[in-house]
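Per the numbering used here, the very first residue in the sequence shown carries number 561; after that it's consecutive.
Even glycine gets a Cβ: it sits at the ideal position worked out from N, Cα and C.
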Amino acid sequence: MVRSKEVHNALMNAPTIAAVAELWARATHALITAEPVDNELQILCATGHLTSEERDRVQRRRPEVAGTVGWRFLDISGREMPGDGADPQGIPYWPISISLDDLRRTETIMMVCGQRANPEPAARAALAALRAGIGLDHLVIDEHTAAELLGLQHRIPR
561 MVRSKEVHNA
571 LMNAPTIAAV
581 AELWARATHA
591 LITAEPVDNE
601 LQILCATGHL
611 TSEERDRVQR
621 RRPEVAGTVG
631 WRFLDISGRE
641 MPGDGADPQG
651 IPYWPISISL
661 DDLRRTETIM
671 MVCGQRANPE
681 PAARAALAAL
691 RAGIGLDHLV
701 IDEHTAAELL
711 GLQHRIPR
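Structure representation (C-alpha cells):
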C-alpha cells in the first residue's frame, strides 16, 4: 500500500511486481482475511501510511467502513470504498494487492476471520467480504464471531 498514485503506478510497472500482478488474474487458490477496520487503521498509522487526522476522518465514517480484504476497504454492502484520493472523505491509499474482481474469478478461496474478545468488528468485516461477491469455499471463524455474523446478516440490510 502506498500513499501516491505515481508511486503506485511506478511499482505496478516494475518488472518483478508486474509479473506477480499478472498472476493474480490467473490465481486458482487464495487465502484471504477479513479484517476489522480498526485493526487496519492501527497498522496504517503505525507504519506511517495514515496520519492521525486521516485515521480520525476514517473512524468518523466507521459505520460506513466495515472492514478490509486485501487492503481494500469495504462498506457493509461489500462495495469497495474509494482509496484513490478522488473523494476528499476517501481513504488516501493505493493498494498493491489482488483486486476484488480477480478474487471473484478465483476458483478456491479460504477466508479467515475472527476476534474472540470483540467479535462484532470481525463479523462486520466478514459480512462485507461475503457481500462483496467473493465466492468462499472455506471459512475459518471462531464461534463468537460466527454467532455475531449470523445475527448481523439479519439486522443490517444490504
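* Taking the alpha-carbon positions, what's the R617 to A578 distance? -> Looking up residue 617 in the sequence shown gives position 57. Looking up residue 578 in the sequence shown gives position 18. Distance between the alpha carbons of R617 and A578: 32 Å.
* I694 and L660: beta carbons closer than 8 Å? -> On the sequence shown, position 134 is the one that residue 694 refers to. On the sequence shown, position 100 is the one that residue 660 refers to. Result yes, Cβ atoms of I694 and L660 sit closer than 8 Å.
* Are A590 and L709 closer than 8 Å when you measure CB to CB? -> Locating residue 590 in the sequence shown gives position 30, counting from the first residue. Locating residue 709 in the sequence shown gives position 149, counting from the first residue. No; because the gap between Cβ atoms is not below 8 Å, this pair is not in contact.
* **Nearest neighbour of H698, chosen from A682, I669, R718 [CA to CA]** => On the sequence shown, position 138 is the one that residue 698 refers to. When each option's Cα is compared against that of H698, the closest is I669.
* Below 8 Å CB to CB, which residues in the same chain sit around T705 once its five sequence neighbours on both sides are set aside? => Residue mapping note: residue 705 aligns to position 145 of the sequence shown, counting from 1. Closer than 8 Å at the Cβ level, and outside the excluded window around T705, lie C673, G674, Q675, R676, P679, A682, A683, A686.
* For P655 and W509, the rounded distance between their alpha carbons -> One cannot answer for residue 509 here, as it falls past the ends of the chain, which runs 561 to 718.
* Cut-off 8 Å between Cβ atoms - residues of its own chain near T593, not counting five sequence neighbours on either side -> Counting from 1 along the sequence shown, the entry for residue 593 is found at position 33. Correct list, in chain order: V629, M671, V672, C673.
* **Euclidean distance between Cα positions of T607 and G638** => Translated into positions along the sequence shown, residue 607 becomes position 47. Translated into positions along the sequence shown, residue 638 becomes position 78. Straight-line Cα distance between these residues: approximately 26 Å.
* Asked: From this set, Q602, H609, A689, which residue's C-alpha is nearest M641's C-alpha?
  -> Residue 641 sits at position 81 when you count from the first residue of the sequence shown. Considering only alpha carbons, the answer is A689.
* Proximity below 8 Å, CB of A633 to CB of V580 -> Walking along the sequence shown from the start, residue 633 turns up at place 73. Walking along the sequence shown from the start, residue 580 turns up at place 20. One detail in the question is off: residue 633 reads as Phe in this sequence, not Ala. Contact: no.
* Mind reading off the beta-carbon distance from I716 to I636? Whole number of angstroms is fine, and I expect it under 8 Å. => The residue you call residue 716 lines up with position 156 of the sequence shown. The residue you call residue 636 lines up with position 76 of the sequence shown. Confirmed, about 6 Å.
* Outcome for G711 when other beta-carbon atoms lying within 10 angstroms are tallied against a minimum of 16 -> On the sequence shown, position 151 is the one that residue 711 refers to. G711 should be labelled exposed.
* For H714, count neighbouring Cβ atoms within 10 angstroms of its own Cβ and tell me buried if that reaches 16, exposed if not. => Here residue 714 is taken as the residue at index 154 of the sequence shown, counted from 1. Exposed, since its Cβ has fewer than 16 Cβ neighbours within 10 Å.
* Figure out for me which residue from V625, E613, L601, I658 has the closest Cα to the Cα of A587. => For the purposes of this step, residue 587 is taken as residue 27 along the sequence shown, with counting starting at 1. For A587, the nearest C-alpha among the options comes from I658.
* A579, enclosing alpha helix (DSSP H) - first and last residue -> Here the question's residue 579 lines up with position 19 in the sequence shown. It spans 575-584 - the alpha helix (DSSP H) in which A579 sits, taken as one unbroken run.
* Cα-Cα, which of R563, G627, L583 is closest to A692? -> Start at 1 with the first residue of the sequence shown, and residue 692 comes out as number 132. Selected option, being the one with the closest Cα: G627.
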